[in-house]
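Residue numbers (the numbering used here): 395 to 657. By construction, the Cβ of each residue, glycine as well, lies at the ideal position given by its N, Cα and C atoms. A short worksheet on the structure shown next.
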Ligand SMILES: C[S@@+](CC[C@H](N)C(=O)[O-])C[C@H]1O[C@@H](n2cnc3c(N)ncnc32)[C@H](O)[C@@H]1O
């Protein structure tokens, strides 16, 4: 079954941030057990930033959505983080957490889990403060534009991260490769790309709304990254089982790559 591409404006109309977080990132029925998806993401980000020591001045996260889990390890390694997303309500939901506004989502169990990976679960409040200090901007972006941050022109950054955005935003492989090129134009030569991709899926649900997912296999992603001018440092693949009514995604692929100096 092929998912029908719906275009970015459907995100504006139908992507409800709280439904999205609840479905994919909440701990189930009040216990502290997170989804395998979230654990996989957090462990790989911990490996990249904390164990492998990827660090620098500015990190740009593309298609951040309403979530902040992707900044929990990175905030220890970068002076500033810039978040970005196409959809207004996702940027607003993230800002609610950053500004501690009423009704913000409680990420503290996830923050504690990352602190535990780092060796001290008790430091979670300090880490929340650090994330709030380090995420300096939450910008509008569109990965289908040559400059995804246009009209803003930004100096190239040390690290670009993106989780599950390109396969949601692109209707076919050529568009995916172009979007990858667009976001990587924002990265310095020698800089790192950290990409998480949902594999072998056609759709994912947010509340009652079905969103398109571009069907990708591991080799399609790694080829696009290599052909985009990167050397892959390491990658990790995990099979996933979701309720069939939620998504037909079969696996998640994490990849860390370094931009070659000459393309
Ligand atoms: C599946 S969500 C991923 C959110 C988050 N990165 C995560 O790890 O859960 C896909 C995100 O891509 C964003 N998006 C869709 N089309 C986009 C586009 N053309 N440019 C930038 N972001 C886009 C959506 O607003 C949404 O936040």
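Assigned secondary structure, residue i (DSSP; H/G/I helix, E/B strand, else coil)
{"i": "residue 474", "result": "strand"}
{"i": "residue 530", "result": "strand"}
{"i": "residue 650", "result": "strand"}
{"i": "residue 640", "result": "coil"}
{"i": "residue 407", "result": "helix"}
{"i": "residue 592", "result": "strand"}
{"i": "residue 423", "result": "In this prediction, residue 423 scores a pLDDT of 46, lower than 50, which makes its location untrustworthy; no coordinate-derived value is stated."}
{"i": "residue 566", "result": "coil"}
{"i": "residue 581", "result": "strand"}
{"i": "residue 482", "result": "helix"}
{"i": "residue 634", "result": "coil"}
{"i": "residue 535", "result": "coil"}
{"i": "residue 541", "result": "coil"}
{"i": "residue 574", "result": "helix"}
{"i": "residue 547", "result": "coil"}
{"i": "residue 493", "result": "coil"}
Span of the alpha helix (DSSP H) around residue i
{"i": "residue 563", "result": "560–563"}
{"i": "residue 440", "result": "430–440"}
{"i": "residue 411", "result": "411–419"}
{"i": "residue 452", "result": "Element bounds for residue 452: not the alpha helix (DSSP H) but the beta strand (DSSP E), 450–456."}
{"i": "residue 506", "result": "502–511"}
{"i": "residue 613", "result": "612–621"}
Residue i vs residue j beta-carbon contact at 9 Å
{"i": "residue 649", "j": "residue 629", "result": "yes"}
{"i": "residue 463", "j": "residue 492", "result": "no"}
{"i": "residue 565", "j": "residue 597", "result": "no"}
{"i": "residue 647", "j": "residue 608", "result": "no"}
{"i": "residue 470", "j": "residue 444", "result": "yes"}
{"i": "residue 506", "j": "residue 552", "result": "no"}
{"i": "residue 480", "j": "residue 534", "result": "yes"}
{"i": "residue 554", "j": "residue 477", "result": "no"}
{"i": "residue 388", "j": "residue 577", "result": "Not covered by the structure: residue 388. The range shown for the chain is 395 to 657."}
{"i": "residue 455", "j": "residue 557", "result": "yes"}
{"i": "residue 499", "j": "residue 415", "result": "yes"}
{"i": "residue 410", "j": "residue 483", "result": "yes"}
{"i": "residue 521", "j": "residue 508", "result": "yes"}
{"i": "residue 744", "j": "residue 621", "result": "A question about residue 744 goes unanswered here, because the residues of the chain that appear run from 395 up to 657."}
{"i": "residue 432", "j": "residue 419", "result": "yes"}
{"i": "residue 599", "j": "residue 640", "result": "yes"}
{"i": "residue 653", "j": "residue 623", "result": "yes"}
Residue i - partner residues in DSSP beta bridges
{"i": "residue 604", "result": "599"}
{"i": "residue 488", "result": "DSSP output for residue 488 lists no bridge partner at all."}
{"i": "residue 629", "result": "649"}
{"i": "residue 587", "result": "554 and 651"}
{"i": "residue 624", "result": "653"}
Residue nearest to residue i in terms of C-alpha spacing, selected from the options
{"i": "residue 655", "options": "633, 450, 645 and 585", "result": "585"}
{"i": "residue 591", "options": "627, 559, 568 and 620", "result": "559"}
{"i": "residue 403", "options": "555, 520, 639 and 563", "result": "563"}
{"i": "residue 633", "options": "400, 399 and 430", "result": "430"}
{"i": "residue 485", "options": "531, 432, 420 and 428", "result": "531"}
{"i": "residue 579", "options": "595, 561 and 549", "result": "549"}
{"i": "residue 525", "options": "544, 453, 572 and 639", "result": "453"}
{"i": "residue 487", "options": "467, 460, 496 and 510", "result": "460"}
{"i": "residue 448", "options": "457, 547 and 627", "result": "627"}
Residue i Cβ short of 8 Å to ligand 2 heavy atom set
{"i": "residue 609", "result": "What this structure holds is ligand 1, not ligand 2."}
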